[in-house]
Amino acid sequence: MARPTPADEQLVHQLPELLPAVATPHPHWRESHFFDIHHPSGAGDAVFFTMAVRPAQDKMDSLQMGRIGGQQVLHGSARPLGDDPQTPEVPGARVEIVKPWREVRIWADPEVSPIGVDAVFTARTQAYGLRRGTMRAPDGIVWDQSHILQSGTWSGTYTVDGVERSIDGWVGQRDHSWGVRDHGRCPLWIWFQIQLEDGMLGVWHWELANGATIYTDGCWAAADGSDPVPVVGFSYDVDWRGADGAVVAYGKNGEQVAGIAGGCRFVLADGRTIDVEAEGDFVRPYEPFHRGGLNVVRVRTGDGRSGTAVYEVTGARHHRFFPDTEVDGILPC
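In structure tokens, the structure reads:
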């Protein structure tokens, strides 16, 4: 029997189905929140917080992960969806949308997670909706997803080993995405979120193993709240770096990688070109589950602005970033 949820009482339906039903019963369909909290220097602690619903797995889950005091930390918790598939809460963690697209509170219990979080994200830019992107392999969908990104300021604390640390005034990112994401079969995706004093540069970019571009979208979003300007061109010259700063190969599992560095170029729809140089640390590898991961970097633009960023580089097989990895399943080609 179909059981309505409390959200089904609202005038919000987009399909002739109850809200727990999604467009496709794909095992990798999920909807998720992702939050980035990193030290303003781009060299200290970094916390990443997720909350995701996975209908085909009957699961809501959350991760608190990052680098604290130079140590990599990861914690996860989950619950069955049961008769509440929409409330973003699991044992020891929750997300509260205080004001849509303006204010979000995230919380993780320091008695449960090695990273306790009690933090409020306040938007400093408009939210930007990326166009839907799709990638297929010969045997079906690998990626079919929509994505919203937004920059904001943080207030509150994170707690580790009983020590509470303030994040008041820190700048970071939130993302909201939904659809099919078979992470382990995407050859390469790049997610760069660059925080400058006057705004945010963001891009999502996918390639095949040989470097052919499948999808690029992003924006410049100014901190004055004006309309975001779409990214219409993106290129990069970025490499993995070892502990000595020299270029290194990723290998099978990133054994030699300590960071990432290099340049990239954004071309905006209004004709502007922004060049960005970055250098930073590999703070949260996705190993052993997936290749690559999250880097926190310091950036400088060609016109002299400086800031920090999160550079996510991940995927299954790519001629530049992951030429030697072992891959399960059929990749897009």
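Each residue of the sequence shown is one higher than the one before, counting from 0 in numbering that gives the first Met the number 0.
Note that beta-carbon positions come from the ideal geometry of N, C-alpha and C, so glycine has one too.
Straight-line measurement puts the Cα of Pro137 at about 37 Å from the Cα of Glu278. Here Cys185 really is in contact with Trp142; their C-beta atoms are around 6 Å apart, less than 8 Å.
Beta-bridge analysis with DSSP links Asn252 to no other residue. Looking at Ser145, Gln192, Gly168 and Arg290, the one whose alpha-carbon comes closest to that of Gly178 is Ser145.
Straight-line measurement puts the Cα of Leu293 at about 14 Å from the Cα of Trp203.
With 16 or more other Cβ atoms from the protein chains shown falling within 10 Å of its own Cβ, Leu187 counts as buried. Residue state for Arg173 is assigned as strand, using DSSP reduced to three classes. Taking 8 Å as the cut-off, the Cβ atoms of Gly258 and Asp226 do not count as close. Here Gly328 carries a coil assignment [DSSP, helix/strand/coil]. For Val103, the beta-bridge partners assigned by DSSP are Ile96 and Phe120. If you draw a straight line from the Cα of Val228 to the Cα of Met50, it comes to about 28 Å. DSSP, read as helix, strand or coil, puts Gln125 in coil. The region 250-257 and the region 12-20 do not touch, with fewer than 3 CB-CB distances between them shorter than 8 Å. Fully contained in the region 186-225 are the following beta strand (DSSP E) runs of length 3 or more, in chain order: 187-195, 198-206 and 212-221.
Cβ-Cβ distances below 6 Å link Glu102 to Thr121 in the same chain, with the five nearest sequence neighbours on each side left out; the list follows chain order.
Each of Asp197, Thr300 and Ile140 was checked against the Cα of Gly262, and the nearest Cα belongs to Thr300.
Setting aside the 5 residues that flank it on each side, Ile96 is surrounded in the same chain by Val103, each with a C-beta closer than 7 Å to its C-beta; the list follows chain order. The region 267-277 makes no contact with the region 16-32, as fewer than three CB pairs between them are under 8 Å. Fewer than three pairs of CB atoms, one per stretch, sit closer than 8 Å, so the region 106-116 makes no contact with the region 209-217. Counting other Cβ atoms within 10 Å of its Cβ, His27 reaches 16 or more and is therefore classed as buried.
Beta-bridge partners assigned by DSSP to Tyr310: Phe191 and Asn294.
Going by DSSP, His32 is part of the beta strand (DSSP E) stretching over Trp28 to His37. Excluding the 5 residues flanking it on each side, Ala242 has same chain C-beta neighbours closer than 7 Å at Ala257, in chain order. Going by beta carbons, Pro39 and Pro84 fall outside the 8 Å limit. No Cβ-Cβ contact shorter than 8 Å links Leu148 with Asp167. Counting along the chain, the unbroken beta strand (DSSP E) around Ile140 starts and ends at Gly139 to Val159.
For the set Ala6, Gly291, Val326 and Ala22, the Cα lying nearest the Cα of Arg240 is the one of Gly291.
Counting only residues of its own chain and dropping the five nearest sequence neighbours on each side, Gly91 has a CB closer than 7 Å to the CB of Ser76, Ala107, Asp108, Val111 and Ser112. The closest CA to that of Gly198, considering only Thr124, Arg135 and Phe288, is found on Thr124.
Annotation: the continuous beta strand (DSSP E) that includes Ile259 extends over Gly258 to Leu267. The alpha-carbon of Ile67 is positioned some 45 Å away from that of Ala1.
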